[in-house]
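Asker: Which chain is which? The protein sequence lines are A and B, in order. Under the numbering used here, the first residue of the first sequence is numbered 75, with each subsequent residue one higher. Under the numbering used here, the first residue of the second sequence is numbered -6, with each subsequent residue one higher. Here it is, the structure, as structure tokens.
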Amino acid sequence: MNKISPLANTHKIGLYGNYEAKLETDLLSIREISNIKIFQLFKYKMSNMDLSNLFLEGHKFPTKGGSSSGNNSLRIQWQAPNIWIIISENKNISHEIEKKCPGSDFAITDLSHSRAIIEVKGNDALNVIKKGSPLNVNNFVKNNCANSVYHGITISLDMINDDPITLNIMASRSFAGSFYHAITDASLEFGFKTI
Amino acid sequence: MLEIKCPYCGNRSQNEFAYGGDATVKRPELNSMISDQEWDEFVYYRKNPRGNHLELWHHVSGCRQWFKVFRNTATHEIIQTMEMKENP
């Protein structure tokens, strides 16, 4: 059985927009993040579990609104009070989650095939967001995350790095095509390469 | 365009939110006899004041939480936002 990523038929590798007379390092870089695991974790209201001792692959669960934790291969994003999204390249992350987060305290939902994720990297990455979202990203720093809208599409935004600025933008799979075109259209004026 | 301070996410643009109605309306007690007039008032009648008003809002494109907004309907000033369990 073949796995088809949400943007498999949309994302084509190349150089686009205002890329001429620019160094490749100055261009935005856009890629689809696929073949990963995405889980939503919800802590029950009646649960008394102390989150300060809860770590996943050595990373703490963020309890402050708008913050995320992790590294390039694992992200834990705060979504709402007692709700997190876990994005991991580790195919066995579900076992780890089940071990750390018992079913008596947490509801775990596998969203791996229902989301599309685009990574936008480069100095103008935040300008791409500003062109389609009302979110104020002027003070956005590494390990900040937020849910917002981008041209009417609900998105989750996560800054995984600040040098160069690297954003993971996640939307529902059913909006993947429109979402990709909205992001790439906004990126044309800066010039971008797709990888 | 309003900027609304979600109690969980901070200041966000109005187009991330959905208005959820008057927060002062109370459902009649369950299992008690109520008149048609009381039921009508719960379902249909709203005060619609010009001035300070307590409203329900939903951060539908953000944390998806419901919360209360105390605002002035004449000046659009948002005086206070709070979690559902709180009151102004």
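Quick reminder that beta carbons are idealized off the backbone N, C-alpha and C, glycines included. On a predicted model such as this, the values are computed, not experimentally measured, just so you know.
I'd like to confirm the pairing. Which residues does DSSP put opposite Cys(-1) (chain B) in its beta bridges?
Answerer: Cys(-1) (chain B) pairs with B:Gly3.
Asker: With respect to the beta strand (DSSP E) encompassing Leu262 (chain A), which residues constitute its N-terminal and C-terminal limits?
Answerer: Premise fails: Leu262 (chain A) is in no beta strand (DSSP E) and is neither H nor E.
Asker: So, is the C-beta of Gly14 (chain B) closer than 8 Å to a C-beta in chain A?
Answerer: Gly14 (chain B) does not count as touching chain A.
Asker: Per DSSP, Phe60 (chain B) is paired with what?
Answerer: According to DSSP, which records beta bridges pairwise, Phe60 (chain B) is partnered with B:Trp50 and B:Glu76.
Asker: Any beta-carbon of chain A closer than 8 Å to the one on Gln73 (chain B)?
Answerer: So no, Gln73 (chain B) is outside the interface.
Asker: So Asp232 (chain A) is in the beta strand (DSSP E); what residue range does that whole segment cover?
Answerer: Taken as a continuous stretch (DSSP letters only), the beta strand (DSSP E) holding Asp232 (chain A) covers Ile227 to Asp236.
Asker: Taking all protein chains shown into account, do 16 or more other C-beta atoms lie within 10 angstroms of the C-beta of Arg20 (chain B), making it buried, or fewer, making it exposed?
Answerer: Exposed, since its Cβ has fewer than 16 Cβ neighbours within 10 Å.
Asker: Locate the beta strand (DSSP E) running through Asp184 (chain A), then write down its first and last residues.
Answerer: Element bounds for Asp184 (chain A): Phe180 to Asp184.
Asker: Three or more C-beta pairs closer than 8 Å, one from the region 17 to 32 of chain B and one from the region 197 to 204 of chain A: is that the case here?
Answerer: No, the region 17 to 32 of chain B does not touch the region 197 to 204 of chain A.
Asker: Measure the Cβ-Cβ separation of Pro81 (chain B) and Thr66 (chain B) and say whether it is below 8 Å.
Answerer: Not in contact: Pro81 (chain B) and Thr66 (chain B) (Cβ atoms no closer than 8 Å).
Asker: Would you list, in sequence order, the uninterrupted beta strand (DSSP E) runs of no fewer than 3 residues that lie entirely inside the region 0 to 46 of chain B?
Answerer: Runs of the beta strand (DSSP E) inside the region 0 to 46 of chain B: 3 to 6 and 11 to 15.
Asker: Determine the direct distance from the alpha carbon of Asn76 (chain A) to that of Leu209 (chain A), and round the result to whole angstroms.
Answerer: Straight-line Cα distance between these residues: approximately 37 Å.
Asker: Between the region 212 to 230 of chain A and chain B, which residues of the former have CB atoms less than 8 Å from a CB of the latter, in chain order?
Answerer: Within the region 212 to 230 of chain A, the residues whose Cβ lies closer than 8 Å to some Cβ of chain B are Ala220, Asn221, Ser222, Val223 and Thr228, listed in chain order.
Asker: Does DSSP put Phe253 (chain A) in a helix, in a strand, or in coil?
Answerer: DSSP places Phe253 (chain A) in helix when its eight states are reduced to three.
Asker: Spatial neighbours of Ile(-3) (chain B) within its chain, please: CB distance less than 7 Å, with the 5 preceding and 5 following residues excluded, ordered by chain position.
Answerer: For Ile(-3) (chain B), where only same-chain residues beyond five positions count, the Cβ hits under 7 Å are Arg5, Gln7, Phe10, Trp50, Val62, Ile71 and Thr74.
Asker: Between A:Ala220, A:Thr183, A:Ile239 and A:Gly206, which has its C-alpha nearest Ser230 (chain A)'s C-alpha?
Answerer: Nearest option by C-alpha distance: A:Ala220.
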